[in-house]
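*Asks:* Numbering (this note's numbering), first residue to last: 121 to 605.
Using N, Cα and C, we set each Cβ at its ideal position, and we do this for glycine too.
The following block contains the structure, expressed as structure tokens.
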């Protein structure tokens with residue numbers, strides 16, 4: 121599966137933000153686990169204390185029936201279970217929950233943190249309101265405990281009895297605590313208001329993605345165009361251009377690729393034209409040499425027959441080389457989209473097999489109705505070269521198969537054999553002009569190194585592709601892919 125650069129950049133950005141958030145959250149909760157008292161005594165605990173004081177104020181002014189409804193409403197609003205209770209364990213309002221022993225011990229400590237005036241003065245009095253003593257380090261009036269993994273988190277907040285400005289005295293006020301229980305760390309974070317920070321982080325993440333995504337997509341799109349252009353240049357399409365605009369380094373790279381393609385086009389086509397001109401000029405003297413050798417062979421005595429035969433073989437070899445050069449330059453200089461017509465593949469294959477394989481060694485599998493868009497003469501030459509190579513190099517006992525079958529919107533022509541194949545290090549270089557694997561170095565066993573180069577050039581000029589590979593456990597395969605008609 122391929123991942124665009126823009127997706128990678130976006131995922132890395134999101135991963136980076138999540139890692140930062142995760143590290144911060146992990147540090148926060150790790151610190152909380154190691155020192156929960158420091159957490160509840162800080163600004164986050166102050167925020168919950170404000171909520172608790174607000175709840176307490178509303179509870180004091182409500183009836184007993186209203187208190188239960190208020191507790192339920194507050195619990196639903198904050199995603200928690202809330203109890204209002206005295207420090208001796210009596211629940212004043214809220215659901216009946218089993219209170220863990222750890223929580224009860226904290227309630228006792230909470231009661232010990234009340235000032236003498238809070239504990240002893242009547243609930244209705246005149247004069248200044250009661251003052252809170254500075255809480256001891258281990259008893260700040262708040263606590264956070266987790267008795268066990270199944271009991272959740274219990275957050276207790278001391279509620280200071282406030283004086284009533286009217287009404288008769290009603291005895292001494294009892295110290296009370298608001299217990300808030302949540303099931304998970306997420307619930308605890310929500311209680312502390314961390315979900316608001318999570319929302320801010322999500323907004324920041326969204327803004328970052330919106331800010332960076334266009335840049336990443338633009339860079340990815342231009343790099344994809346560069347990649348495609350260089351791949352086509354590697355296949356010999358030197359007329360391709362990237363068309364990248366801008367003022368950054370990618371644009372400079374695109375211009376460099378365009379310049380390189382133009383120079384390669386001039387150089388390679390110039391070399392092909394030169395080879396074609398040389399081959400064309402050599403044709404006439406080679407032809408005259410062949411005629412002269414035939415005349416000499418008829419007039420010479422027996423003592424010169426062997427020398428004349430050697431000379432004739434050399435001239436025939438030169439003639440074959442010149443013909444291959446002419447075919448190579450013709451295929452290479454042909455415009456990639458010129459003269460492409462509908463080619464009936466069954467008829468073409470039949471004609472090639474009848475000419476190249478008179479002994480019927482090649483097994484042919486082709487549908488009579490298959491057609492392809494190609495340059496018919498070039499396609500015929502390419503397939504004939506592949507069949508000729510298979511017959512020459514696969515071995516006398518090898519099985520050779522020529523298969524033509526449709527594949528989606530293409531037609532695949534495959535020539536396979538179970539011969540020795542070619543050296544693995546030679547696969548990538550097959551199709552290079554004048555390159556021959558080690559098995560084909562001698563004149564008796566191999567050509568001049570242009571056969572597969574002609575195949576590649578001819579198929580490219582027909583708008584197709586050719587791939588060479590070794591078969592397992594042994595053998596060789598050449599596959600031509602063309603657009604179907």
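Using a threshold of 8 Å, state whether the C-beta atoms of residue 574 and residue 505 are closer than that.
*Replies:* In contact: residue 574 and residue 505 (Cβ atoms closer than 8 Å).
*Asks:* Per DSSP, residue 481 forms a beta bridge with which residues?
*Replies:* According to DSSP, residue 481 bridges with nothing at all.
*Asks:* Does the structure place the stretch 373 to 389 close enough to the stretch 345 to 352 that three or more beta carbon pairs sit under 8 Å?
*Replies:* Touching, yes.
*Asks:* By the three-class DSSP mapping on this structure, what secondary structure does residue 197 have?
*Replies:* In this structure, residue 197 counts as helix in the three-state DSSP scheme.
*Asks:* Note down the Cα distance separating residue 473 from residue 342, rounded to an integer number of angstroms.
*Replies:* One C-alpha to the other measures close to 47 Å.
*Asks:* Residue 276 and residue 299 look like a contact to me (Cβ under 8 Å); what is the Cβ gap, rounded to whole Å?
*Replies:* Correct: roughly 5 Å between the Cβ atoms.
*Asks:* Residue range of the alpha helix (DSSP H) that residue 276 falls in?
*Replies:* No alpha helix (DSSP H) contains residue 276, which is instead part of the beta strand (DSSP E) from 273 to 279.
*Asks:* Going straight from the alpha carbon of residue 352 to that of residue 468, what length do you get?
*Replies:* Roughly 28 Å between the two C-alpha positions.
*Asks:* Is the separation between the beta-carbon of residue 537 and that of residue 519 shorter than 8 Å?
*Replies:* Their beta carbons are under 8 Å apart, which means residue 537 touches residue 519 by this criterion.
*Asks:* Which residues does DSSP pair with residue 556 in a beta bridge?
*Replies:* Answer by DSSP bridge pairing: none, since residue 556 is not bridged.
*Asks:* Excluding the 5 residues flanking residue 328 on each side, which residues of the same chain have their C-beta closer than 8 Å to its C-beta?
*Replies:* These residues qualify, in order along the chain: 133, 137.
*Asks:* Could you name each continuous alpha helix (DSSP H) segment of 4 residues or more that falls completely within the stretch 304 to 369, going from the start of the chain to the end?
*Replies:* You should have 305 to 311, 314 to 354.
*Asks:* To the nearest angstrom, how far is the alpha carbon of residue 319 from that of residue 585?
*Replies:* Spanning the two alpha carbons is a distance of roughly 53 Å.
*Asks:* Expressed to the nearest angstrom, what Euclidean distance is found between the alpha-carbon atoms of residue 406 and residue 414?
*Replies:* When rounded, the distance between both Cα atoms is 12 Å.
*Asks:* Name the residue from 438, 436, 490 whose alpha carbon lies nearest to the alpha carbon of residue 462.
*Replies:* Here the closest residue by C-alpha is 490.
*Asks:* From residue 265 to residue 271, what distance separates their C-alpha atoms?
*Replies:* Their Cα atoms are separated by approximately 10 Å.
*Asks:* Can you tell which of 190, 206, 548, 525 has the C-alpha that lies nearest to the C-alpha of residue 589?
*Replies:* Residue 548 is the option with its Cα nearest to residue 589.
*Asks:* Could you tell me which of 296, 208, 355 sits nearest to residue 177, measuring between CA atoms?
*Replies:* It is 296 whose Cα lies nearest to the Cα of residue 177.
*Asks:* Per DSSP, residue 537 is paired with what?
*Replies:* 520, 596, per the DSSP bridge assignment.
*Asks:* Can you tell which of 513, 185, 497 has the C-alpha that lies nearest to the C-alpha of residue 595?
*Replies:* Answer by Cα proximity: 513.
*Asks:* With a threshold of 8 Å on Cβ separation, who are the neighbours of residue 448 within its own chain once the five nearest residues in sequence on each side are excluded?
*Replies:* Excluding residues within five positions, the ones whose Cβ falls inside 8 Å are 392, 395, 553, 570, 573, 574, 577.
*Asks:* Is residue 602 closer than 8 Å to residue 492 when the C-beta atoms are compared?
*Replies:* Yes. Within cutoff.
*Asks:* Rounded to whole angstroms, what is the Cα-Cα separation between residue 382 and residue 556?
*Replies:* Roughly 28 Å separates the two Cα atoms.
*Asks:* Under 8 Å between the Cβ atoms of residue 199 and residue 310?
*Replies:* Yes, the Cβ-Cβ distance between residue 199 and residue 310 is below 8 Å.
*Asks:* Would you mind giving the Cβ-Cβ distance between residue 582 and residue 446, rounded to the nearest angstrom? I have them listed as a contact below 8 Å.
*Replies:* That pair is no contact at about 18 Å.
*Asks:* How is residue 422 classed by DSSP in three states: helix, strand or coil?
*Replies:* The answer is helix: DSSP assigns residue 422 an H, G or I state.
*Asks:* Between which residues of its own chain and residue 526 is the CB-CB distance below 8 Å, once the five residues before and five after are set aside?
*Replies:* If we look at residue 526 and ignore the five residues flanking it on each side, its Cβ neighbours are 487, 490, 532, 604.
*Asks:* Grab me the residues of residue 563's own chain with a C-beta within less than 8 Å of its C-beta, minus the 5 sequence neighbours each way, in chain order.
*Replies:* Because the pLDDT at residue 563 is just 48, under 50, the model does not fix this residue reliably, and the value given afterwards should be weighed accordingly. Closer than 8 Å at Cβ, skipping near neighbours: 437.
*Asks:* Using the three-state DSSP reduction, which class does residue 203 fall into: helix, strand or coil?
*Replies:* It is a strand residue.
*Asks:* Measure the CB-CB distance between residue 223 and residue 274 and report whether it falls below 8 Å.
*Replies:* Result yes, Cβ atoms of residue 223 and residue 274 sit closer than 8 Å.
*Asks:* Could you give the DSSP three-state label for residue 269: helix, strand or coil?
*Replies:* In this structure, residue 269 counts as coil in the three-state DSSP scheme.
*Asks:* Relative to the alpha-carbon of residue 402, which residue among 443, 367, 203 has its alpha-carbon at the smallest distance?
*Replies:* For residue 402, the nearest C-alpha among the options comes from 443.
*Asks:* Where residue 215 and residue 196 are concerned, what is the direct C-alpha to C-alpha distance, given to the nearest angstrom?
*Replies:* Rounded to whole angstroms, residue 215 to residue 196 spans 13 Å at the Cα level.
*Asks:* Where does the unbroken beta strand (DSSP E) through residue 462 begin, and where does it stop?
*Replies:* Start and end: 461 to 464.
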